[in-house]
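Each residue of the sequence shown is one higher than the one before, counting from 15 in the numbering used here. Ideal placement from N, C-alpha and C gives every residue a C-beta, glycine not left out. Reading through the structure tokens given below for one structure.
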Amino acid sequence: MASYKFEAKTTAGKTVSGTIKAKNETDARVRLRAEQLEPLRIVPVLAAGDKGTGPVPLKDLQVFTRQFATLVSSGIQIVQCLEMLSNSSSCLPLKAVLNQVIEDVNKGKTLAASLDEHPKAFDKLYRNLIRTGEESGVLEVVLGRLAIYIEKTVKLRGKLKSAMMYPVVIIVVAVAVITGIMVFVIPKFKEMFSSKGKDLPELTQMVINLSEGFLSYWWLIIFVGALIWVTFIQYINTSNGRKVFDHFSLRIPILGSIIQKGCIARFSRTLSTLLASGIPVVEALDVSAKVVNNNDIEVAIMESKESILKGRSIAEPLIKHPIIPNMVSQMISIGEQTGSMDSMLAKVADFYEEEVDVSVAGLSTLIEPILMVVLGVIIAVLVIAMYLPIFSMADTFG
């Protein structure tokens, strides 16, 4: 059972507080009413030693940030805003984190310092922007920018996931259909052909051998497949493996271009938001590099950071990297010269987000007929292999 902090009224009208164990928030309310208490406020409590643990889903963070920006801009005190959002949220990890943040703020901590205690719920970008907003007195403006940034990030991630999931789903269905034919259909034909006692065509015999091998060693095939998958996951989780995987992913035909555009859009949107909120350019580049999630592009961004530290421009090292489109380098260069780099980067982000839209639509249009043709050819070969002996017998009878 989870623990919940509560404030409630007794039958005499006195307000009391404490903690209660319950399966969920509804159960906690039922238990309080059973003790003749009318619940006023119930919030989940993190277990001892769990402070700062538990990531918050990005969509829940998106809703929270948008609502927080609206409440703060309405002139409501930060603690009251957080209490209202905690009470209305259905996301338990977020409610638990907000409960801790409210306690810290009530003890005199700043909002940014309170969020620093929860790095898994609020990433470095989020915490840095909140700190800048508090220090400059424009928290509502920063929250508005954060809300827009998260909304666009959620949208972009959804497009990239759909681009990668679509071919995977079709391939899984194709494998399932072929496996069904090999397991259930071909053995029936084999029984029929065996009763005739005649030699089978080479193609038919090869397909039957594959079917028999699959039926006899299916456990080995599954084991080897699982072993390869686990090894692959462990390898890409290493530093070298991640570098190799990131380098290869950008060079996959069609899909690599979508991944590259998504990374560029994410980098541009992040850097634009940070610069517009007053974060120093060196720190902004450092944070932006971490959200790209691709080693090749991250290396190029970090070289720009080193260039700035040496007194040179951001665009200079980016121009040398073929993985960074020329348009991006040129827009950054123009932004540096005109002092409007944040707005230039926002335009770059808008452009590449639109490009991801178009590319995903094109991928769906292109990959469906290709996979259908491949699946059709495989099934056609299996069907022909099974019917060749029948044709041979028909010729003999003729």
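- prompt: Applying the criterion that 16 or more other CB atoms from any shown protein chain within 10 Å of the CB defines a buried residue, is residue 22 buried or exposed?
  reply: buried
field: Endpoints, the beta strand (DSSP E) within which residue 32 is located
entry: 29 to 36
- prompt: Which residues in the same chain have their Cβ closer than 6 Å to the Cβ of residue 6, if we skip the five residues on either side of it in sequence?
  reply: Outside the shown range of the chain (15 to 412) lies residue 6, about which nothing can therefore be said.
Reduced DSSP secondary structure (H/G/I, E/B, other) of residue 102: helix
- request: Name the one or two DSSP bridge partners that residue 52 has.
  value: 23
message: Let me check understanding here. Comparing Cα to Cα, which of 311, 205 and 117 lies closest to residue 282?
response: 311
7 Å Cβ shell around residue 358 - same chain, five flanking residues per side excluded: 345, 346, 348 and 349
message: Considering Cα atoms alone, identify which of 34, 404 and 27 is closest to residue 218.
response: 404
query: What are the complete alpha helix (DSSP H) segments, minimum 4 residues, inside the segment 194 to 259?
result: 200 to 210 and 216 to 250
task: Classify residue 266 as buried or exposed, calling it buried when 16 or more other Cβ atoms lie within 10 Å of its own Cβ.
output: exposed
- prompt: Between residue 195 and residue 233, what straight-line distance do the alpha-carbon atoms span, to the nearest angstrom?
  reply: 18 Å
- prompt: Quick one: is residue 132 buried, meaning 16 or more other Cβ sit within 10 Å of its Cβ, or exposed?
  reply: buried
- prompt: What residue range is occupied by the uninterrupted alpha helix (DSSP H) comprising residue 460?
  reply: No answer is possible for residue 460: it lies beyond the span of the chain, which begins at 15 and ends at 412.
field: Alpha-carbon spacing of residue 386 relative to residue 185, whole angstroms
entry: 10 Å
task: Please determine, among 39, 279, 53 and 40, the residue with the shortest C-alpha to C-alpha distance to residue 25.
output: 53
field: Span of the alpha helix (DSSP H), counted from its first residue to its last, around residue 127
entry: 125 to 129
task: Would you kindly work out how many angstroms separate the C-alpha atoms of residue 66 and residue 75, rounded to a whole number?
output: Unreliable positioning characterises residue 66 in this predicted model, as indicated by a pLDDT of 47, which lies under 50. A coordinate reading is not provided.
- prompt: Is the Cβ-Cβ distance between residue 301 and residue 139 less than 8 Å?
  reply: yes
message: Short of 8 Å in beta carbon distance, which residues of its chain neighbour residue 62, apart from the five on each side in sequence? Order them along the chain.
response: With a pLDDT of 44 at residue 62, under the threshold of 50, the modelled position of that residue is not reliable, and the figure given next carries that caveat. None.
- prompt: Which residues in the same chain as residue 207 place their Cβ atom closer than 7 Å to its Cβ, once the five residues preceding and following it in sequence are excluded?
  reply: 214 and 403
field: residue 326 - DSSP class collapsed to helix/strand/coil
entry: coil
task: Identify which residue in 285, 73 and 264 has its Cα closest to the Cα of residue 165.
output: 73
message: Here's the rule I'm using: 16 or more other beta-carbon atoms within 10 Å means buried, otherwise exposed. How should residue 113 be labelled?
response: buried
- request: Determine the closest residue to residue 367 out of 271, 124, 227 and 397, with distance taken between C-alpha atoms.
  value: 271
message: Taking the alpha carbon of residue 308 as the reference point, which residue from 253, 326 and 230 has its own alpha carbon closest?
response: 253
- prompt: Are the CB atoms of residue 315 and residue 299 nearer to each other than 8 Å?
  reply: yes
message: Need the endpoints of the alpha helix (DSSP H) that residue 415 sits in, please.
response: The chain is shown only over 15 to 412; residue 415 falls outside these bounds and no answer can be derived.
- prompt: Can you name, in chain order, every residue of its own chain whose Cβ lies under 8 Å from the Cβ of residue 393, other than the five neighbours on each side?
  reply: 191, 192 and 195
message: For residue 108 and residue 47, I'd like the C-alpha separation in whole angstroms.
response: 25 Å
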